[in-house]
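Here the structure is laid out as structure tokens; the discussion comes afterwards.
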Amino acid sequence: MNLNVDLNLYKTFYIVGKYKSFTKASHELYISQPAVTQAIKKLEEQLNLELFKRTSKGIELTPAGEVVYYYSEKLCELALANQEMLDKAKEASFDIINIGVPTHIGTFYFVNYLKIFNEKYPNIRINIVNKKSEEMLKMLTKRELDIVIDTDMPDLDGSPLSKYDILNLESCFVCSEQFKSVAEKEIVKASELVNYPLILPGPHTANRKMIDMYFKKKQIVLNPLIEANSSSVSKGIISKGIGIGWMIKNFVLEDIENGKLFEVNVDIDKVFIPVSVAYNKKFNHDIVKDFVNIFKKGNN
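And the structure:
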């Protein structure tokens, strides 16, 4: 076997040979079918061999392909065994859990479960990462994170990731003393609210998409004065009396109860944002499983 060849090409070849299908191989490898075809073509060029032949039933291995397949299978088995040994070594020395969570969840919700986990595993260090949802899920796939907790996660079917829905968070409009007269109204019409300066989440956030959808049903377009992806920044702006803001209610609940902020009752249905916890199915340490179970038990 030519060791100057990229070993990933042998892996791709093995999967295609195993299923006798480029399409099934692309699903198994989580890459496009053209990428699979290109990999096989590249391997054939580097080995100077024809590995597959097309038949009326699909594709079959050539005699040379049968030989390469035999050794490719052994190579993949060794690689898998090596990975399993590495995983066991990592598990034996598991001393840190890496968690991705945005501030608007971490501040009021996540810390309660973190305390429970810390009491159970006082010797496990905790690293908290706060990035965009898409980036955190990529880090989870690469095993750079062990868990991601976030709102409105995409469908993870067909990926190495799994998710568990843990709760729904209510959102609401709030203001400070400067707009208290608006909050004192029994109901504020949606058409009236747009006349005030609005502070909204960024256009690509789950919370923003939800409120845009509700207002669109009323044929109203929201034109915010300020857009901010950070809940802490938004709350600070609202507290300064710059405008009326759309926030996850739990994030500002203490300020509402203390009279620092006031909820504005708008004539729309209550809006809830789903929160999920995601983890990597292929590398799921018992401690990570236990952390997920803490969330499950706390929301049953």
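If you read the sequence shown in this note's numbering, its first letter stands for residue 1050, the second for the next number, and so on.
Just so it is clear, CB atoms sit at the ideal spot from N, CA and C, and this is done for glycine as well.
Everything numeric in this text was worked out from a predicted model, so none of it was measured.
Check	Outcome
Neighbourhood of E1122 by C-beta distance below 7 Å, restricted to the same chain and skipping five residues each side	Y1063
Three-state secondary structure assigned by DSSP to I1198	strand
Three CB pairs or more closer than 8 Å across the region 1271 to 1283 and the region 1187 to 1196	no
Residues bridged to I1343 (per DSSP)	Looking at the DSSP assignment, I1343 forms no beta bridge with any residue, so it has no partner.
Cβ-Cβ separation, I1108 to I1146 (assumed contact under 8 Å), whole Å	Contact flag wrong, Cβ pair sits at about 45 Å.
Three-way DSSP call (helix, strand, coil) for L1216 in this model	strand
Exposure label - S1220; buried when at least 16 CB within 10 Å	buried
Per DSSP, the bridge partner or partners of I1108	R1103
Segment contact, 8 Å Cβ cut-off, at least three pairs: the region 1278 to 1290 with the region 1313 to 1320	no
Contacting residues, own chain, Cβ-Cβ under 7 Å from G1238 (five flanking each side not counted)	Note on identity: in this sequence residue 1238 is Lys, with Gly being the wrong assignment. Counting only Cβ-Cβ distances below 7 Å, and skipping sequence neighbours, we find D1316.
Of the listed residues I1165, I1293, N1167 and S1240, nearest to S1225 (C-alpha basis)	I1293
Every unbroken alpha helix (DSSP H) inside the region 1258 to 1328 [4 residues or more]	1280 to 1288 and 1298 to 1306
Minimum C-alpha distance to S1182 - residue among D1204, K1067 and K1234	D1204
Contact belief for L1100 with T1111 at Cβ below 8 Å, rounded distance in angstroms	6 Å
Simplified DSSP assignment, three categories, for G1066	helix
S1240 beta carbon near the ligand HEM (any heavy atom closer than 8 Å)	The ligand HEM is absent from the structure shown, which contains no ligand whatsoever.
Residue nearest to L1058 in terms of C-alpha spacing, selected from S1070, Q1082 and Q1087	Q1087
Segment limits, beta strand (DSSP E) that includes I1248	L1247 to L1249
Outcome for E1094 when other beta-carbon atoms lying within 10 angstroms are tallied against a minimum of 16	exposed
Residue from K1164, K1309 and L1129 with nearest C-alpha to L1056	L1129
Neighbour-count burial assignment, R1257, 16 or more Cβ in a 10 Å radius	buried
Which of helix, strand or coil DSSP assigns to I1145	strand
Reference M1296; option with closest CA among S1279, K1309 and E1115	S1279
Per-residue DSSP class, three states only, for S1208	coil
Backbone CA spacing between P1171 and L1163 [nearest angstrom]	11 Å
C-beta contact flag for V1231 and V1270 at 9 Å	no
Residue(s) in a DSSP beta bridge with N1179	Looking at the DSSP assignment, N1179 forms no beta bridge with any residue, so it has no partner.
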